Every structure is written in C-alpha cells, then in structure tokens.
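The number in the working numbering is simply the position in the sequence shown, starting from 1, with 1 added.
Ideal Cβ positions, reconstructed from N, Cα and C, are used throughout, including at glycine.
Bear in mind the structure is a predicted one, so any value in this text is a computation, not a measurement.
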Amino acid sequence: MMSLDLSKATIDPLCTLRKAGPNDRVATALRGFKAEAKLPVRVLHERTNISTATINRILNGELDIRVVHMAALAEALGVTPMQVMQRSECL
2 MMSLDLSKAT
12 IDPLCTLRKA
22 GPNDRVATAL
32 RGFKAEAKLP
42 VRVLHERTNI
52 STATINRILN
62 GELDIRVVHM
72 AALAEALGVT
82 PMQVMQRSEC
92 L
C-alpha cells in the first residue's frame, strides 16, 4: 500500500477535499467574500431584496443559484460576479 506524505501540503481553505459541484463551489466563494466583508445575512437581504431563507440556502449550497441572485449577492459583497466565479474554481 502506497502512503502519501501530506505533512508539507498546503490546502486552499476555500476549497474542499471532496468533489464539490458548482453550487457548492459558488456557495463557498460567496461565504468567503461574506466573511471578508463581515456582513450578516440580514444586511445581504437588505441590499439585495433576496429573502434571508434563500440567501442561507444559497450560502449552504442547498439551492441551484440563479445568475441574478449571484450577481446581486456579488454586488452586495462589493465584488464582481467574475471574482465569485474565479474564486469558485479553486485554482
């Protein structure tokens, strides 16, 4: 059996080790930007008019994110949709 030495490995904290689908990756990117902006969901709701329940489902990767929602959330977080997409690729 082959062993893998991970003692010096670095892992991007915004990436996950499991194979994440597009919703999971976008959700992770949005959560990262939300944490950096230090904004609660309530403020995102006020800035986007998206319900807090929908925002929570998007941020948890439980909902297929619509482009209009991603664009609105990105703007509310002070980033562009392109930045969200770039971060979601975990390159």
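Open item on the list: Among 30, 50, 38, whose alpha-carbon lies nearest the alpha-carbon of residue 69?
Closed with: 50
Task: Euclidean distance between Cα positions of residue 82 and residue 43 - done: 20 angstroms
Open item on the list: Are the CB atoms of residue 28 and residue 85 within a distance shorter than 7 angstroms?
Closed with: no
Task: Contiguous beta strand (DSSP E) assignments of at least 3 residues, all confined to the segment 15–70 - done: none
TODO: Please state if the CB of residue 26 and the CB of residue 89 are separated by a distance shorter than 7 angstroms.
DONE: yes
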